[in-house]
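Protein chains: 4
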Amino acid sequence: MTDGTDQQLPTNWGRWGEDDELGTLNLVTAEVRARGVAEAREGEVVPLGRAVTPAPTARGPFGPDGPRSSAVQQALLYTGTPPMGMAETLVLTPHDPSLTHLDAVAHIPVDGMVYPGRPLAECVDPGGVRHGSTAAFGDGVVTKGVLLDLAPGDRLPPAHGITGTDLDAAAERGGVTVLPGDAVVLRGGWTFAWDAEEPTPGLTLDAVAWLHRHDVALLAGDVGDAFPPLEGEMPMPLHLVGLARLGLPLVDGASVEDLAAVCGRLSRSSFMLVVAPPRIHGATGLPVNPLAVF
Amino acid sequence: MTDGTDQQLPTNWGRWGEDDELGTLNLVTAEVRARGVAEAREGEVVPLGRAVTPAPTARGPFGPDGPRSSAVQQALLYTGTPPMGMAETLVLTPHDPSLTHLDAVAHIPVDGMVYPGRPLAECVDPGGVRHGSTAAFGDGVVTKGVLLDLAPGDRLPPAHGITGTDLDAAAERGGVTVLPGDAVVLRGGWTFAWDAEEPTPGLTLDAVAWLHRHDVALLAGDVGDAFPPLEGEMPMPLHLVGLARLGLPLVDGASVEDLAAVCGRLSRSSFMLVVAPPRIHGATGLPVNPLAVF
Amino acid sequence: MTDGTDQQLPTNWGRWGEDDELGTLNLVTAEVRARGVAEAREGEVVPLGRAVTPAPTARGPFGPDGPRSSAVQQALLYTGTPPMGMAETLVLTPHDPSLTHLDAVAHIPVDGMVYPGRPLAECVDPGGVRHGSTAAFGDGVVTKGVLLDLAPGDRLPPAHGITGTDLDAAAERGGVTVLPGDAVVLRGGWTFAWDAEEPTPGLTLDAVAWLHRHDVALLAGDVGDAFPPLEGEMPMPLHLVGLARLGLPLVDGASVEDLAAVCGRLSRSSFMLVVAPPRIHGATGLPVNPLAVF
Amino acid sequence: MTDGTDQQLPTNWGRWGEDDELGTLNLVTAEVRARGVAEAREGEVVPLGRAVTPAPTARGPFGPDGPRSSAVQQALLYTGTPPMGMAETLVLTPHDPSLTHLDAVAHIPVDGMVYPGRPLAECVDPGGVRHGSTAAFGDGVVTKGVLLDLAPGDRLPPAHGITGTDLDAAAERGGVTVLPGDAVVLRGGWTFAWDAEEPTPGLTLDAVAWLHRHDVALLAGDVGDAFPPLEGEMPMPLHLVGLARLGLPLVDGASVEDLAAVCGRLSRSSFMLVVAPPRIHGATGLPVNPLAVF
Chain A
5 MTDGTDQQLP TNWGRWGEDD ELGTLNLVTA EVRARGVAEA REGEVVPLGR AVTPAPTARG
65 PFGPDGPRSS AVQQALLYTG TPPMGMAETL VLTPHDPSLT HLDAVAHIPV DGMVYPGRPL
125 AECVDPGGVR HGSTAAFGDG VVTKGVLLDL APGDRLPPAH GITGTDLDAA AERGGVTVLP
185 GDAVVLRGGW TFAWDAEEPT PGLTLDAVAW LHRHDVALLA GDVGDAFPPL EGEMPMPLHL
245 VGLARLGLPL VDGASVEDLA AVCGRLSRSS FMLVVAPPRI HGATGLPVNP LAVF
Chain B
5 MTDGTDQQLP TNWGRWGEDD ELGTLNLVTA EVRARGVAEA REGEVVPLGR AVTPAPTARG
65 PFGPDGPRSS AVQQALLYTG TPPMGMAETL VLTPHDPSLT HLDAVAHIPV DGMVYPGRPL
125 AECVDPGGVR HGSTAAFGDG VVTKGVLLDL APGDRLPPAH GITGTDLDAA AERGGVTVLP
185 GDAVVLRGGW TFAWDAEEPT PGLTLDAVAW LHRHDVALLA GDVGDAFPPL EGEMPMPLHL
245 VGLARLGLPL VDGASVEDLA AVCGRLSRSS FMLVVAPPRI HGATGLPVNP LAVF
Chain C
5 MTDGTDQQLP TNWGRWGEDD ELGTLNLVTA EVRARGVAEA REGEVVPLGR AVTPAPTARG
65 PFGPDGPRSS AVQQALLYTG TPPMGMAETL VLTPHDPSLT HLDAVAHIPV DGMVYPGRPL
125 AECVDPGGVR HGSTAAFGDG VVTKGVLLDL APGDRLPPAH GITGTDLDAA AERGGVTVLP
185 GDAVVLRGGW TFAWDAEEPT PGLTLDAVAW LHRHDVALLA GDVGDAFPPL EGEMPMPLHL
245 VGLARLGLPL VDGASVEDLA AVCGRLSRSS FMLVVAPPRI HGATGLPVNP LAVF
Chain D
5 MTDGTDQQLP TNWGRWGEDD ELGTLNLVTA EVRARGVAEA REGEVVPLGR AVTPAPTARG
65 PFGPDGPRSS AVQQALLYTG TPPMGMAETL VLTPHDPSLT HLDAVAHIPV DGMVYPGRPL
125 AECVDPGGVR HGSTAAFGDG VVTKGVLLDL APGDRLPPAH GITGTDLDAA AERGGVTVLP
185 GDAVVLRGGW TFAWDAEEPT PGLTLDAVAW LHRHDVALLA GDVGDAFPPL EGEMPMPLHL
245 VGLARLGLPL VDGASVEDLA AVCGRLSRSS FMLVVAPPRI HGATGLPVNP LAVF
């Protein structure tokens, strides 16, 4: 991997102009959204976010009952005696692997550049992100979602390298066709973590190229890039190519077991997917609870 | 206002049991959700969250370019040189009026009790909220939304007390009927703030009783409780009665101008509403970007 | 314990006026300070603060090497590539038992009142502490310090109730006299914690009365109030009486092993003590590294 | 400026070994400390920290009374009703110019290296600072302090470049000799800020060379590096040479008016200086309230 024009790596740099911040969300056209909402019929809703309980910022006598460490910390505020109301200040790091979150394209610069090829120094300064930030998610994402279950009723083997062939097989099993602008939800039967005891499975560059060929608009899953990197494969292709070169927003750390169960019960693997993080601009990622609506 | 059994105040305490945390979200049944998704047809999406740009936690030479004060603060993280990736830690106070957020029922205790009448000390400890927290929002909210525009093309007068009659008139103008389980989005033409130069308009207890009679499941709006309280009226009826006694979740600080424009263009005032804050349990409120889907 | 005028409890409420914020620091007169600086002769310096390593606010790939939980958290800041400089934002809770800190009198209200008897609501509002805060420490504290080693070369038994007799014995062993305005440093051979596996020793009300009789200006130590409270004794007398009624500032969680060693080597138990937390007003406690200067 | 061996820039790289973290604090020997404590006679104490009032983390109805922006933010904690005690979580950025703080040598890498010439990547990782951090301040600093008043009763002209000649003149006026290991406190009559309306005065490289020739151990002052950089001079010589190459710890943003007044009243310009930030390791700077003891 040398620069953004490397012909061997899939890329969308330049496809939607030099100033583009939406990346593959450009593929979610009015027609695509209409196809997405058409998937919502019964009104059954499945959340894809993992539940997180905050740790109190205060340890010791004043904060004994919460977890000692969490992706989110909570300072429950004094508001008078009796309290005028209960409120809190939260401290959170969106990219914590235990917190389901949506990555913005500026999260991963490659070769010193942010999608679609702008120098990092133009895109980010110490005060925040100026290009490629979560501002791109301000309108939310509504499209058709497709579950690709890579290991129905089971989990992928440790350190398994997911290929395009795996994705094709899963689509065929689910009876779904992935169309341009669709969101793909991957199920590998794993819990997203960076410190797992076993080596996790993850996508190969071949699978990322598959996502590119199918013009997938957004990816979510309980598997993503493998930790540690797969032997003999490019490391972190989902982030270094998918996010950084395709401009493909990633929902890291999704919870998909309930989704797989509902898909099984309803005998369908497609749904309306709604992804709407808080409307906070200038960040590189935000916590989110994507909803699959059937 | 003396206690939770006060006959003059509308209440849902006890209606869904002593341990209920969902409040009026109980009204969003499968049938109601199906009615909600039926509103999504064209696939046009309108966000109701206000855009917020974080302030850098660091002031001075290392963080000069952001706002000095914001509802959200961002510490952009050092991750190596060149950076391994861009990431941040965020500090935010969900109930900041400039941040569109969803209130949980534990946000406002009345008479020392949290909805539906449990003593505060059982519901909240220094480590977080144990009953009535944002855990109730883990599945997201999907239902039919109805825009009630109280001042089409204009804004309500300062210090105007919104009544049930006002709500009826707005529904009639919009050609909509509010059914049990629906979400109501109010437009008053104001920007939600606690330090406005003019006295803001707000709901009277009469309007809150209207919401109760219509079994509204969720309320959002650019107006809510008046600051300062309306003369001759109960102060903060939306929070002290709507949230605390009805268990009616409130989206404070919504942005509804774009919604009103789209409703006008499409000549309809109903839509599918999706409200899905991050899946963080144990808090009293969370930032959210509700989406109206047409 | 009923109110601030309870005759059975030692108190300084009213002794230095109704608006006093200094408490027993009033006893550190010019003469007392001169006596303190006279103790500094050789220039040997011993810190009494416990060393704390921050935990990174970010967990996961971007912050793997620090502790997962700490009294202090650090967000190392991005300041450009190459960095303009290294800097951080810190999140800390001063009263964390593992962080040596100085308690302000507003830390512990009793009977709804803050020393010297002002209603809590007058002293504290949601925006911070208005009376009895760390503002009282703005000038630092310089006085004579005296080590009272309660268990030389050993540690106190678990759950031992420290009495005035114990303090007298320690003073006699050390060959020191405690004079009005002196600071007392207690050594019990324990590590200050709230979640120790063994019940910790701690002061009885009798020992607090001793501190009052001797007009001690400041207390530091590796023991303080017992966790859990001592059987048959008033719970937390050091905080509920010493801090709250005497207005005696407390350095919680001091490290005194090095001090005891130096006192042994130099065959003296008195020294100049300098306590100077950051000059941050409006808080109820601040981290500090007190220095004993010989 | 090209690398750490540049012969034109004063440097201490290598002087105390390749692993040194103390920098010029190595000069504070037992003899120097003894000379420092000998300055403390009357017991008069003058703080050099600027008082800072925290801003509440929560804005809006729950935190109306504090400043909107500050170097320190305070989340006053809920601890029960009535409160078990008052406590807070603080969020602070030590290098904020309005917060008197002590810089560690790792704060400013030059040529990709941290004092005394170690590659940045060895010294700092996303989890914190491993070499050259505030751990070096764990024992506190006690030495003789000398006030050099550059503009008695007045202030330096805007954009004035302070030279060695200026420092000599101030020492002569004050009747003091700066000896190896002493701390120098500069008074220029300015308030340390990075966004002042006028261009501030600051040290030239010539003045930094003077500090080096005199083997000054620590520098504090109400002036430091000029903002904007002085015309025709190397920018930021105090940080880029003094801190980074000499390993000279800097107290930025000191308040020295009271000190100048006391020096005038007592007709002496030397004193015992005590600098003891909280004992927090792994940071690049910490808030501190240095005390001058007469």
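Keeping their order, the protein sequence lines are chains A, B, C and D.
Using our numbering, the first residue of the first sequence is number 5, and each one after it goes up by one.
Using our numbering, the first residue of the second sequence is number 5, and each one after it goes up by one.
Using our numbering, the first residue of the third sequence is number 5, and each one after it goes up by one.
Using our numbering, the first residue of the fourth sequence is number 5, and each one after it goes up by one.
No residue lacks a Cβ here, since even glycine has one placed at the ideal position from N, Cα and C.
These numbers were taken from a predicted model, which means no experiment stands behind them.
Item                                                                                                                                                                           : Value
Quick one: is R63 of chain D buried, meaning 16 or more other Cβ sit within 10 Å of its Cβ, or exposed?                                                                        : buried
With distances taken from CA atoms, which of C:A110, C:P282, C:H99 is nearest P4 of chain C?                                                                                   : Because chain C here runs from 5 to 298, residue 4 of chain C falls outside it and cannot be looked at.
May I have a chain-ordered list of the alpha helix (DSSP H) segments no shorter than 4 residues that lie completely inside the segment 13-84 of chain A?                       : 34-41
Which whole runs of the alpha helix (DSSP H) in the segment 167-244 of chain C are 4 residues long or more, in chain order?                                                    : 168-178, 209-217
Mark A248 of chain C as exposed unless 16 or more other C-beta atoms lie within 10 angstroms of its C-beta, in which case mark it buried.                                      : buried
Per DSSP, what kind of secondary structure is R122 of chain D in: helix, strand or coil?                                                                                       : strand
Measuring CB to CB, does T61 of chain C end up less than 8 Å from T97 of chain A?                                                                                              : yes
Tell me the DSSP secondary structure of T104 of chain B in three-state form.                                                                                                   : coil
Is there a Cβ of chain C sitting closer than 8 Å to that of N293 of chain D, yes or no?                                                                                        : yes
Could you check whether P71 of chain A and Q213 of chain A sit closer than 8 Å to each other, using their CB atoms as the reference points?                                    : Reading the sequence as shown, one finds Ala at residue 213 of chain A and not Gln. Taking 8 Å as the Cβ cut-off, A213 of chain A and P71 of chain A do not qualify as a contacting pair.
Let me see if you follow: with CB-CB separation under 8 Å, is P86 of chain C close to chain B or not?                                                                          : yes
Please tell me whether L94 of chain A has its Cβ less than 8 Å away from any Cβ of chain E.                                                                                    : The structure shown contains no chain E; its protein chains are A, B, C and D.
Could you spell out the range, first to last residue, of the beta strand (DSSP E) harbouring D262 of chain C?                                                                  : Looking at the DSSP string, D262 of chain C is not in any beta strand (DSSP E); the run it does join, the alpha helix (DSSP H), is 261-270.
Compare the beta carbon distance of A211 of chain D and E25 of chain D with 8 Å and say whether it is the shorter of the two.                                                  : no
For T288 of chain A, is the classification buried or exposed, using 16 other Cβ atoms within 10 angstroms of its Cβ as the cut-off for buried?                                 : buried
Within its chain, find whatever has a CB closer than 7 Å to the CB of E237 of chain D; leave out the 5 residues flanking it on each side and keep chain order.                 : G165, T208, L209
Going by other Cβ atoms of all chains shown within 10 Å of its Cβ, with 16 needed for buried, is G21 of chain C buried or exposed?                                             : exposed
So is T97 of chain C in contact with chain A if we call contact Cβ pairs under 8 Å?                                                                                            : yes
In whole angstroms, what is the alpha-carbon distance linking A38 of chain D and G251 of chain C?                                                                              : 34 Å
State the Cα-Cα distance for the pair F298 of chain D and K148 of chain C, rounded to the nearest angstrom.                                                                    : 15 Å
E46 of chain A and S274 of chain A: beta carbons closer than 8 Å?                                                                                                              : no
From this set, A:E35, A:L223, A:V76, which residue's C-alpha is nearest V150 of chain A's C-alpha?                                                                             : A:L223
What residues of chain B sit near D100 of chain D, judged by a beta carbon separation below 8 Å?                                                                               : A62, R63, G64
Looking only at C-alpha atoms, which of D:V95, D:A110, D:V292, D:A163 sits nearest to D23 of chain D?                                                                          : D:A110
Which residues in the same chain as S137 of chain C place their Cβ atom closer than 8 Å to its Cβ, once the five residues preceding and following it in sequence are excluded? : E25, A108, A110, H285, G286, A287, T288
Give me the Cβ distance between P51 of chain B and G142 of chain A, rounded to the nearest whole Å; I'm assuming they're in contact under 8 Å.                                 : 6 Å
Under the three-state reduction of DSSP, which class applies to G142 of chain D: helix, strand or coil?                                                                        : coil
Could you list which residues in chain B have their beta carbon closer than 7 Å to that of A38 of chain A, in chain order?                                                     : E46, G47
Closer than 8 Å by beta-carbon distance: list the chain B residues that pair up with Y82 of chain D, in chain order.                                                           : V128, P130
For G89 of chain C, name the three-state secondary structure that DSSP assigns.                                                                                                : coil
Using the Cβ count rule (16 or more neighbours within 10 Å means buried), how would you classify R19 of chain B?                                                               : exposed
Examine the Cβ distances between the segment 226-233 of chain A and the segment 256-270 of chain A and report whether three or more of them are shorter than 8 Å.              : yes
If distances are taken between C-alpha atoms only, which option among A:E235, A:A59, A:A187 comes closest to A296 of chain A?                                                  : A:A187
Beta carbons nearer than 8 Å to chain C: which residues of the segment 250-262 of chain A have them?                                                                           : none
8 Å is my cut-off, CB to CB: does M5 of chain A come that close to chain D?                                                                                                    : Any reading at M5 of chain A must be qualified, since the residue scores a pLDDT of 39, below 50, and its modelled position is unreliable; the value itself is stated next. Not one chain D Cβ lies under 8 Å of M5 of chain A.
Output the distance between the C-alpha atoms of A59 of chain D and L94 of chain D, rounded to the nearest integer angstrom.                                                   : 10 Å
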